[in-house]
Every structure is written in C-alpha cells, then in structure tokens.
C-alpha cells in the first residue's frame, strides 16, 4: 500500500525546490510529488531529473504534478492530475498500467468519476484554507471527509484517499479517524524549523505509532 505521507514540493526556483525536496527526503518523507507550476520546460526537466535521482537514492516514490509527458520522458513513478488536467484514462494510455496515477477530487461526484476512470489514489480537499494554492474549491472540513468516506464505503469504492489543504500536525489524528488513507502536505514541512521532528510526528500519527 502507498505511503501515508506525501510531500508536495515548493519553491520558486529549481535550486529552492531541490533544497526543499532533499530536506524532506533526508528527514523521513518517502513520497515526493513535484509541483513546479508555470515554468519553462527546460527548468522543469532539470528539476525532475535531479528529483528522480534523489528519490531513487532514498527509495522514495516520485510523482510529477500535472505533466504526463514529463513523467513519461523521465520514467517517474507516476503523475498526479488535477480536475482540469489530462484525464486519467488518457494518462494511463501514455504511462501504462504499472505507473501510479493520482487524481484530485473536491466532491464525492469527482471521486466517482476519477475512480471509474481508473485512478490509483485520490487527493481530496481542501481540508481548510491554504495559501499554497490559488482559487480554492469549497472547504471540506472534518465533516466533509467523514461524509464522503461513508459514501465511498457504501458504494464500495476502494481507492485510497489523501486529505490535502492547510493540514497541521494537530489535525492528523482527527482526519485519520474519518477513514482517509493519508495526507498530502506542503507548507507545513517546507516552513518547519525541525523537519525531522515534524515528519517523525506526522508518521507516528499516520501509522499509529508504528515505526515506518
């Protein structure tokens, strides 16, 4: 089963991104989603190649946000697709059956559509307000997750769900109790002054104090 903690990369430059990614890996994060929006292809490729090298060194999963063709080109572990990106089925035709394809959802209806198209996991959010992403969809909150997970169970939709959007360390226990598989975070790790302690605490909460 997939890691329960995903780090979504941050940084305005290749160097800043790479520093943040390396720090996350070095302090115990085993899943990197490279998110490097509105950049020239040459820069995105340079970051992707360097990130792939690091993820291989740390035995971590490497997912690229949005860019299916870049994921194919460098043979990343997979891709994460937003609601306005290429469809899951089209991405699967390009990447093949063995690659991980994650998909964004804001509602239960989104989940039905993405699951029917064959995604491997769902990034469901936003949990609460976050400055990381512009044009946020309506906030779900704890009750939103609880309601959607119940609907998924009733419909026997068995796709791992990651909560995303402004999650703090104090939110994790309550979120896990809703039935989600894990969390995808960005700013909380990037801005932490003690990444090792934070990532250790996040993993302890996500895995029920089991050492990962």
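In the numbering used here, the protein residues as written are 12 to 223.
We put the CB at the ideal spot given by N, CA and C, even for glycine.
Measure the C-alpha to C-alpha separation of residue i and residue j and round it to an integer number of angstroms.
| i | j | result |
| --- | --- | --- |
| residue 52 | residue 165 | 43 Å |
| residue 180 | residue 83 | 34 Å |
| residue 40 | residue 17 | 7 Å |
| residue 128 | residue 100 | 6 Å |
| residue 222 | residue 12 | The pLDDT assigned to residue 222 is 45, lower than 50, so where the model puts this residue is not dependable; a value taken from the coordinates is nonetheless given after this. If you take the alpha carbons of residue 222 and residue 12, they lie about 16 Å apart. |
| residue 136 | residue 68 | 31 Å |
| residue 161 | residue 178 | 21 Å |
| residue 218 | residue 109 | 26 Å |
| residue 163 | residue 85 | 34 Å |
| residue 203 | residue 140 | 18 Å |
| residue 214 | residue 201 | 16 Å |
| residue 42 | residue 14 | 7 Å |
| residue 155 | residue 205 | 31 Å |
Give me, in chain order, the residues of the same chain whose beta-carbon lies closer than 7 Å to that of residue i; leave out the 5 immediate sequence neighbours on both sides.
| i | result |
| --- | --- |
| residue 102 | 79, 90, 92 and 112 |
| residue 126 | 168 and 170 |
| residue 207 | 38 and 39 |
| residue 65 | 32, 33 and 36 |
| residue 130 | 99, 112, 113, 114 and 170 |
| residue 105 | 79 and 83 |
Which residues share a DSSP beta bridge with residue i?
| i | result |
| --- | --- |
| residue 11 | Absent from the structure is residue 11, since the part of the chain shown begins at 12 and ends at 223. |
| residue 45 | 75 |
| residue 90 | 75 and 112 |
Determine the extent of the alpha helix (DSSP H) in which residue i is found, giving its start and end residues.
| i | result |
| --- | --- |
| residue 64 | 52-68 |
| residue 126 | 119-127 |
| residue 152 | 152-165 |
| residue 209 | 206-217 |
Starting from residue i, follow the beta strand (DSSP E) in both directions and report where the run begins and ends.
| i | result |
| --- | --- |
| residue 17 | 16-19 |
| residue 195 | 193-196 |
| residue 116 | 111-116 |
Mind checking residue i: buried by the 16 CB within 10 Å criterion, or exposed?
| i | result |
| --- | --- |
| residue 107 | exposed |
| residue 8 | Here the chain comprises residues numbered 12 to 223, so residue 8 is not present and cannot be evaluated. |
| residue 28 | buried |
| residue 212 | exposed |
For the ligand COA, any of its heavy atoms closer than 7 Å to the Cβ of residue i?
| i | result |
| --- | --- |
| residue 104 | Absence of the ligand COA is noted for the structure shown, with no ligands found whatsoever. |
Leaving aside the five residues before and after residue i along the sequence, list all residues of the same chain whose C-beta is less than 6 Å from its C-beta, in chain order.
| i | result |
| --- | --- |
| residue 77 | 96 |
| residue 196 | 178 |
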